[in-house]
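To keep things clear, I will list the structure first and then write my remarks on it.
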Amino acid sequence: MIVLELLSAFLICLGIFFFFASAVGLLRFPDTLCRMHALAKADNLALGCVIMGAMLRQTDLYAVGKLLLIWVVTLLSSATGGFLLAQRIRRKNLALERDI
Amino acid sequence: MSPGLVFDTVLAFSLVVLAVITLRQRTPGEAVVQLMIFGLLLALSWLRVDAPDLALTEAAIGSGVTGALLLAALRRTGFGKPFPAPVSAWLRYPVTLGCAVLGLILSLVVMQSWHHPAGLTELTRQYMPETGTENPVTAVILNYRAYDTLLEIGVLLVAALSVYTLSGPASGTPVKPPGPIFRFYMRIMTPVFWLVVPYMVWVGGRAPGGAFQAGALLSGLGALTLLGPSPWPMRLRRRVVRWGLTLGFTLFLAAAAWMWQHGNFLGYPPEQAKNWILLIEIACTLSIGISLTVMFAGCAGWLHEDPKIAPESAAQAPKRRHP
Amino acid sequence: MMPPPWLLTLPVVLPLTFGILTLLFPSDWLARAGRHGALLCAATVVPCTRWIWQAGSLHQSLGGWVAPLGIDLYLDGMACLFLIFGALMGLGISFYAAAYFPPSPDGARTRNDLFWPLWFVTWGGINSLFLTLDLFNIYVTLELISVAGVGLILIAGTPGATRAALQYQMQALIAGLVYLLGVGLIYNVVGTLDLQLMGAELQPGPMKNMGMALMTSGILIKAALFPMHFWLPRAHADAPAPVSAVLSGLVVTVAFVILTRIWFAGLHRLAPFLLPRLLGGLGATGILWGGILALRQTRLKRVLAYSTVSQIGYLFLVFALTFHDAPGQGLVWTGAVYLAISHGLAKGAAFMAAGYLQKAEGSDSLQHLRGCARKHPVAVMVLAVASINLMGLPPSTGFIGKWMMLKASFYTQQWMLAVVMLGGGLLAAAYLFRVFEILLQPAETEFDKTQSDAPQTEKKPTALGYSPRGMLIPAMLLALATLVPVLFITAPEALLRIGAPVPFTDFISPGGAP
Amino acid sequence: MMTSAWTSPWLLPLAALFPLLLAALPAIPALRRHQLHLLPIAAIPALWAGLFVPDEATVTLTHALMESTWTMDHLGRVFQLFTAFGWLVAGLFSISYLRDHPRKGPFAIPFLLAMSGNLLLPTAADAVTFYTGFGVMSFASWGLVVHAGTPEARRAGRVYMTLVLLGELMVFPGLVKGTLWAESSLLSAIRTHWTLDPDPRFQIALIFFGFALKAGLFPFHFWLPLAHPAAPAPASAVLSGCMIKAGLLAWLRLLPLGEFAMPILGQTITLLAGTSMIGALVIGLTQTHPKALLAYSSLSKMGMMMLLLAPAMIEPQLAPAAIAAVLVYATFHSLHKSALFLGTALPPSRGKTGLMILLCASFAGLPFLSGALAKTSVKTLLDHPAFPNGQPFAPLFALSALLTLLLMFRFLLLTQLRPSNSKPQAPSSQLPAPHSALSWTLAVLAALLFPLLAQHFDLSTNPGYAYRPVTALTAEPALWGGLLLIAVWAIFKPKLPFHIPPGDLLNLLPRISRPWLARMETLLEETETRLNGAPGGLAYLIITLLLVGLMVSFSALI
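In order, the protein sequences belong to chains D, L, H and W. Residue numbering for the first sequence follows our numbering, beginning at 37 and increasing consecutively. Residue numbering for the second sequence follows our numbering, beginning at 94 and increasing consecutively. Residue numbering for the third sequence follows our numbering, beginning at 19 and increasing consecutively. Residue numbering for the fourth sequence follows our numbering, beginning at 11 and increasing consecutively.
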């Protein structure tokens, strides 16, 4: 049990670190495409770590399933959203624009 | 200082800061993005005061749908155009000062004399068995104060109609065909939405959920469909859309009036209450979803009203020449 | 005697039903549906009046949940009188609109068709506001009316109307939120949203007083009291004429009714004596401000809109003139109710006449309307009858209202208010006579097209697209309705006394004639 | 008199509302062509009611106008009779006068409305009804003043309207305050309850000056000489013959004459009325438009009537005598002015010239005519033992009589003897149309037979009143002086040294205030535009802060 708890805490902390990193990236990166990278980090890696950490603490399989679903849906949405954004930028030739 | 208090303080502080940042944006596009973030934080604060229903609604409608609507509207007016006239400094400072003073008085008053509400929590619990639902929020929304909810549904309907009046003959640019990735996303997400929406309706009887959240989700599906390869809702007959828009309100109103025979407007007999509530929730979910979708389409300029509609001035009788 | 369960809800349900029906009906049924619907909706007032006349005031709890938990509707004399007023306005506006909006040539739905659902929903909401006693329900219904109002203004379709609608929406949002914040604070203290239960707890407290202040402040924007009136002239002048009649005649009155309810339910006991002075002072300033600006307008509907700003001021004098346990406050209150009703009817009629002139002449610019009395005598007559009311001249209901309020201002020795009331009448006369002088000018010799400041269309008339008679008859009847109470003044007064929130004592000795 | 439907008190309100009813008839297209024929008909019931409804007949309409009450009394009867007669004659006259006029409708409707309002007044017994009648009359007659539509008429209308409004503004609070203390809206109650009011002076002044505007007292008189030349002749006839007397009636009904002394008010009025009486005659002499001249004559006569009432305010004992004298003079003036004004619009003919001369002579108070009778009633009042300082008044009245004589002579010069000078607004035909001829004959007859009428309708309540031709012939220095002056004028034909345009004082009004006003209005409008933007938000914030601050600090205090 202790191991699971520790692992869960570690995963959540890791997730928080990635969230922080992606927030810094969102603020510091020069253009939209780079910022998208930071956002994707948050959605994929950070959220993934946090959700995995949270899953380890659940006793109910149902809740585990819900958490997993949340992650999957977020992954899908973020990927699609990132794609659409990038497509728009490419189409409008705005790659070097500094702001959204 | 407990961690909870620290968190709340940070949350409250960031809310204020975000609000100020939102107000200080130079272009509408940036302001809308900030507003959406603000909405998410607001949802978080609802969660902190143990109101998951409100948090859900805030996230879905306050942040999600509103943001989508605003972004859709910006499609017509331009994201990057700066706000027309920045407020001059001599006005900004007194306004800020005034707001600060008002906020200060408000918080002083609240801090000084806040007591746990002597409200109706007890009464609400006491009569729960007669309401036909297990979720006190649903009981308040659809039973004790169903009249308010009836009118709220009316507000949504009317808002959708207002968007209809706004959408003139000038239509937005047609939607570009989406790429394969989006199509793939749609293919996966559509069934998920269809699964989650009924779940939300159904869960409202026991736990946070219900027509407003489910309707917001449904409108998300609607918006996706509109953006997708076959925006079939746009090809629906106007009449069908109108029926869909009014469905919730009509059913709610009819149910309310039907109860006259039991002696009370909106007074469901306790044994049938559950069924009535479920029926109304389903109808309202559909209508809310449709009206939010209509608003989305309207804001984006995709609602093609009859081009023959002329504005009021042109519809007037021609002026007769003066001798 | 048990009241029928539908008694108080029918005046709300029926208009809402017609709101739905007119949305679903095909376009070419709408005018007829609107007229018949209006007749039915107006008829719902009859059983209410009968009930109150025979059995007095009445509480009905919705859903069988009694007040602290559920929502109560309450029918008293004031509510009944305002319901009758709403029914009259509703009839007039519906019949007028049926003639105003041209039928679409090929039966296709047009933007104009959306007038009907929006208007009927507004009507239902207004009736609900007259009846409700629940603070939160007031908020919801106010939002309903405001959002519908935005849609109604947008029907005009002009850029000006769109801007006005946006501003209207913003003020409605702000007002709604401020009001809601107040409701929240009050609920925290009192633990109930019911006005009468809340009024029973009279102990002032910071939280309760703050809540009251915020609620009042929210309603003040809705009521467009000076200096919160800035949204009104555009919204009321740029909307299509039937909509102007709705907004200026009905919606503004509703805000006043709500504030009266809250005021007499307890606010006047919680408030320091400076608050009524503040409201009265703002009202007085508004009277003069609106009047002077109305003098300078170049469009007829703008003149009328500023006149509304001015007339609202009168209604707020009631708060300065009634104070706790003062004699004669019943009289003042009656006077204010008369003023509100007569202003609503008169302003509705005036906007209808203005809309007719605008349609017939292509513009409502005063320069353009010069000398049009010869061509449209009936419309000018309607304006004249309405003006009698707005100026507060006998034999109009507005005159009687003013008489009562003036009397109270003498009794309470608030000379300034008396002077302002009279000055407001003078200003009203000035801006209205300015209009009449222009309308009645005999020949168009001085007519100068280049000076006209409104867009003109230069098409040859093909079909009118509206029915002059259909527009003018409802307008005339509404205008004349303001004169009717003068002949039967005892009936509304007796009605008002039923379940009145204020004691009716006379000034000097009980039993004296007013 | 037997009480029947024909003499029922219900005739009083019905007779007054009858013209109102007729005013709606032109809405029927078939009747629109004949709408002018409605005008004389409208006045007949009122005349009937004045003749046959008995004294003390009272009717109360409980539901209307906060208990509208109507009573017939002696004062009311006299006013009812000459008012109704004046309207009847003017209505009859307008049938042919306006027959070919394109703007019949805009004449008939305000005419009928003003008639209705005016006929309400004599028998209205409560303040609300009285004020209603007064308001309807005043506002409707704006339509008569601006009827011609010329720039002068519009200017006259503006001036008229401004003064009417000012008058209403003063009368309204006065009446309301009166009813507050009387606890009743009956005029008689207000009149007798002034004493209850802790400080009635202000209200009495309001009521006096409010109605004085209508009656054309000195500083507020300038609308009359502007309105009369601009209005059509029948309208001028009723304006000067009937409506101008409404203010007089209001004073007689409302002022506490005979109740208590009001020395300051009385002296002020003496001063103003004296100025009015003499000044109007002087200015009137310089007029070139016959109707403007007649207007100044009306002003002078109204000033005279006020001058008769003023002593009664100082000395309550005098009230009955003063009222009786005023009543006689008002009737006399009304009948004459109607006839004179209508006469200006008739095409010249020999018979007309004769009658006109007779009429003017009578109006100027030459012996053996009805004017002498009116003059005697004034003299009787001056000789009243209670009259405080009658002697200084006598020369004033003598001067007025002399100037009136001159004025009438000048009027005859302008209209009859030098027809080239006259500009009657006559219709195209040279022969008088039957209606105008009939109407004018009626008017002149009534004016000349005034002594008979006065006797019949019991106007001689003044105990000292008698018809004394011999004294009139011998003891009238003014008369002989006047005739002498006329003779001098007739021989030497001097040019008038100056001409004062109608609306004298108005022309002197400084125009300095205009730009200042305009600047203020612009400032206001700019502020309003600003309020529409962000400053509006600030204003709202301030109001909210005020509300919150007030309320919260109040709760903290408790």
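Note that CB positions come from ideal geometry on N, CA and C, so glycine has one too.
Asked	Found
Residue range of the alpha helix (DSSP H) that includes S348/W	A329 to T354
Burial state of A393/L, where buried means 16 or more other Cβ atoms lie within 10 Å	buried
Close Cβ partners of F55/D (< 6 angstroms) along its chain, the five nearest in sequence each way excluded	A78 and A82
N-terminal and C-terminal residue of the alpha helix (DSSP H) that S78/W is part of	Here S78/W belongs to no alpha helix (DSSP H); instead the beta strand (DSSP E) covers S78 to T81.
Beta bridge counterpart(s) of H77/H as assigned by DSSP	Y92/H
Start-to-end residues for the alpha helix (DSSP H) that takes in W176/H	Sequence check: residue 176/H is Thr here, not Trp. No alpha helix (DSSP H) contains T176/H, which DSSP labels as neither H nor E.
Limits of the unbroken beta strand (DSSP E) element including T68/W	T68 to L71
Contact list for T116/D against chain L, beta-carbon separation under 9 angstroms	I274, F275, F277, Y278, M279 and M282
Contact set for V403/H: own chain, Cβ-Cβ below 6 angstroms, skip 5 residues either direction	A497
Neighbourhood of P135/H by C-beta distance below 6 angstroms, restricted to the same chain and skipping five residues each side	G37, T40 and L41
Contact check, Y374/H vs L490/H, beta carbons under 8 angstroms	yes
For V165/H and A182/L, believed in contact at Cβ under 8 angstroms, the rounded distance	Incorrect: roughly 34 angstroms between the Cβ atoms, too far for contact.
Cβ pair count under 8 angstroms reaching 3, the region 311 to 328 of chain H against the region 244 to 253 of chain H	yes
Nonlocal neighbours in the same chain, by C-beta distance under 7 angstroms from V454/W, ignoring five residues either side	A349, L365 and L369
Close-in-space but distant-in-sequence residues of the same chain around L285/H (CB under 6 angstroms, 5 per side omitted)	M230
Three-way DSSP call (helix, strand, coil) for A549/W in this model	helix
Chain L within 8 angstroms of A289/H, Cβ atoms only	no
Three-way DSSP call (helix, strand, coil) for A368/H in this model	helix
Runs of beta strand (DSSP E) wholly within the region 26 to 77 of chain W (minimum 3 residues, chain order)	68 to 71
Assumed close pair A263/H, G366/H - CB separation to whole angstroms, cut-off 8 angstroms	4 angstroms
Cβ neighbour criterion (16 or more within 10 Å) applied to L288/L	exposed
Short CB-CB distance (under 8 angstroms) between V285/L and chain D	yes
Chain H contacts made by the region 317 to 334 of chain L, where a contact means CB separation under 9 angstroms	R331 and R332
Distance between P29/W and L249/W (C-alpha atoms, nearest Å)	17 angstroms
Within-8 angstroms CB hit, V109/D to chain L	yes
Closest by C-alpha distance to V150/H, when choosing among P145/L, F389/L and Y240/L	A small fix is needed here, since residue 150/H is Thr in this sequence, not Val. Of P145/L, F389/L and Y240/L, the residue nearest in Cα terms is Y240/L.
N-terminal and C-terminal residue of the alpha helix (DSSP H) that K240/H is part of	P224 to A241
Proximal residues, the region 178 to 192 of chain L versus chain W, C-beta separation under 9 angstroms	A178, V180, S181, L184, R185, P187, V188, G191 and C192
C-alpha distance - A115/H paired with A134/W, whole-angstrom precision	42 angstroms
Cβ distance (whole Å) where Y278/L is taken to contact T116/D below 8 angstroms	4 angstroms
Delimiting residues of the alpha helix (DSSP H) encompassing H84/W	H84 to Y107
Below-8 angstroms beta-carbon distance, Y550/W vs any chain H residue	yes
L440/H beta carbon less than 8 angstroms from that of A368/H	no
Beta carbon proximity, L514/H to chain W, threshold 8 angstroms	no
Every unbroken alpha helix (DSSP H) within the region 102 to 169 of chain L, with a cutoff of 4 residues, ordered by chain	121 to 141 and 145 to 150
Straight-line gap, L122/W to P50/W (C-alpha atoms, nearest Å)	10 angstroms
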